[in-house]
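Asks:
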Amino acid sequence: MWGNDKLLLNRLLPAKFRYLKGIRSSAEKGDETKIINSVSDLIEKVLNKQTKSNDTSAQHKESNDDSSQQAENYVFCYRGQADFDWEPEPSLNRYENGADVECKSLTELINEIPDEFQKDVTCFQRLMRSQHYGLPTRLLDVTTNPLVALFFACNNEEEQCKDGAFFTFKFKEKEILNPDSDKLSIICNLSQLSESEKTCLKSLIDNYKTTKNKQAFTVYLKSSSLEVKETESYGKLLSFIQKEKPYFVNKIEPDFLKNIILLVVLSQIKEL
1 MWGNDKLLLN
11 RLLPAKFRYL
21 KGIRSSAEKG
31 DETKIINSVS
41 DLIEKVLNKQ
51 TKSNDTSAQH
61 KESNDDSSQQ
71 AENYVFCYRG
81 QADFDWEPEP
91 SLNRYENGAD
101 VECKSLTELI
111 NEIPDEFQKD
121 VTCFQRLMRS
131 QHYGLPTRLL
141 DVTTNPLVAL
151 FFACNNEEEQ
161 CKDGAFFTFK
171 FKEKEILNPD
181 SDKLSIICNL
191 SQLSESEKTC
201 LKSLIDNYKT
211 TKNKQAFTVY
221 LKSSSLEVKE
231 TESYGKLLSF
241 IQKEKPYFVN
251 KIEPDFLKNI
261 ILLVVLSQIK
271 EL
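So the sequence shown is residues 1 to 272, counted in the UniProt record's numbering.
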């Protein structure tokens with residue numbers, strides 16, 4: 001239990017929230033912004049939110065006529081940032097031409113220090129290592145330990161005159177992926193495509209939404225009216241995926257390419 005993390009508590013409890021407004025907590029989308037004034041204040045707010053979520057889930061189950069339906073289980077994750085004005089988004093989103101930056105910077109880094117990436121089998125592993133070296137990626141670090149998030153919200157000396165931010169995210173437990181997930185491989189391998197190739201894939205997604213029919217979209221993919229660039233981009237993504245997962249079949253639901261996913265990595269959790 002994170003509340004028994006004595007090492008972190010010993011480092012945080014003596015801390016002083018010197019800026020008068022303290023650390024602001026911007027929780028789930030639509031929630032009001034709250035002020036955190038102390039470690040105990042944070043713990044109280046976190047526990048209250050978890051309790052409220054569990055109660056709501058239980059009430060929903062009771063009100064449902066289907067007795068076989070189980071209450072939804074949720075996982076809460078947290079992120080601390082030194083400046084409240086920063087959006088909780090991947091570093092890649094801060095670049096205007098992020099799509100090209102992602103592909104080129106990753107390739108350049110691997111070419112520069114190939115030995116460091118030698119043991120990486122999947123694109124996700126390469127993205128994790130790239131982020132460690134400071135490259136902008138589509139990954140966003142979050143944690144299940146609110147004390148860790150609080151530490152990052154108040155640990156940056158350069159931003160001590162600003163409000164820190166503590167973000168709360170809630171995910172359905174059944175939707176959390178593991179590092180071997182095919183869905184994870186699909187999302188991560190988008191990083192190997194150029195900006196123009198990603199633009200072509202976006203047009204596929206838009207066309208899929210227009211048809212609103214999986215069977216019709218399958219016919220569309222096989223039609224001669226499909227632009228060559230679109231099929232090449234789709235084929236390239238597929239080849240990258242099959243390189244790390246030879247068994248992967250040619251079935252990618254376009255809508256999924258825009259999903260935000262959560263996965264567990266050892267003691268860490270990363271959001272894409």
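C-beta: ideal position from N, C-alpha, C; glycine also.
Since the model is a prediction, treat every value here as computed from it, not as a measurement.
Rounded to a whole number of angstroms, what is the C-alpha to C-alpha distance between Leu47 and Lys236?
Replies: Each residue's alpha carbon lies about 46 Å from the other.
Asks: Tell me the rounded alpha-carbon separation between Phe124 and Val142.
Replies: Roughly 16 Å between the two C-alpha positions.
Asks: Which residues share a DSSP beta bridge with Gln81?
Replies: The partner list for Gln81 (beta bridge, DSSP) reads Ala165.
Asks: Should Thr107 be labelled buried (16 or more other beta-carbon atoms within 10 Å of its own) or exposed?
Replies: Its Cβ having fewer than 16 others within 10 Å, Thr107 is exposed.
Asks: Alpha carbon to alpha carbon, how far is Lys119 from Arg126? Give it in angstroms, no decimals.
Replies: When rounded, the distance between both Cα atoms is 9 Å.
Asks: Would you call Val148 buried or exposed, if buried means 16 or more other Cβ atoms sit within 10 Å of its Cβ?
Replies: Its Cβ being crowded by 16 or more others within 10 Å, Val148 is buried.
Asks: Excluding sequence positions up to five away, which residues of its chain have a Cβ less than 7 Å from the Cβ of Lys170?
Replies: Counting only Cβ-Cβ distances below 7 Å, and skipping sequence neighbours, we find Glu28, Ser53, Tyr74, Phe76.
Asks: Leaving out five residues before and five after Ile241 in sequence, what residues of the same chain have Cβ atoms less than 7 Å from its Cβ?
Replies: The residues are Ser185, Ile186, Asn189, Phe248.
Asks: Alpha carbon to alpha carbon, what distance is there between Thr168 and Ile261?
Replies: Taking the straight line from one Cα to the other gives about 15 Å.
Asks: So, with DSSP's three-state summary, where would you put Leu193?
Replies: Residue state, collapsed to three classes: coil.
Asks: Given a threshold of 16 other Cβ atoms within 10 Å of its Cβ, counted over all protein chains shown, does Ile36 qualify as buried or as exposed?
Replies: By the 10 Å Cβ count, Ile36 comes out buried.
Asks: Note down, in chain order, each residue of its chain lying with its Cβ closer than 8 Å to the Cβ of Asn97, except the 5 sequence neighbours on either side.
Replies: Excluding positions up to five away in sequence, the list reads Glu195.
Asks: Using DSSP with H/G/I as helix, E/B as strand and the rest coil, what is Tyr133?
Replies: Tyr133 falls in the coil class under three-state DSSP.
Asks: How close, in whole Å, do the beta carbons of Pro90 and Arg79 come, if the pair is a contact with beta carbons under 8 Å?
Replies: The pair is not a contact, with the Cβ atoms about 11 Å apart (cut-off 8 Å).
Asks: Buried or exposed: where does Pro246 fall if 16 or more other Cβ atoms within 10 Å of its Cβ makes it buried?
Replies: So Pro246 ends up on the exposed side.
Asks: In angstroms, rounded to a whole number, what distance separates the CA positions of Glu116 and Leu193?
Replies: Using only the alpha carbons, I get a separation of about 22 Å.
Asks: Would you check if the distance between the CB atom of Leu257 and the CB atom of Ile176 is smaller than 7 Å?
Replies: In this structure, Ile176 does not lie closer than 7 Å to Leu257 by Cβ.
Asks: Which one of Ala153, Glu253, Gln50 has the shortest CA to CA distance from Asn207?
Replies: If we check each option's Cα against that of Asn207, Glu253 comes out closest.
Asks: Going by DSSP, what residue range makes up the beta strand (DSSP E) through Lys34?
Replies: Note, Lys34: beta strand (DSSP E), 34-36.
Asks: Under the rule that 16 or more other beta-carbon atoms within 10 Å means buried, what is Lys198, buried or exposed?
Replies: With 16 or more Cβ atoms within 10 Å of its Cβ, Lys198 is classed as buried.
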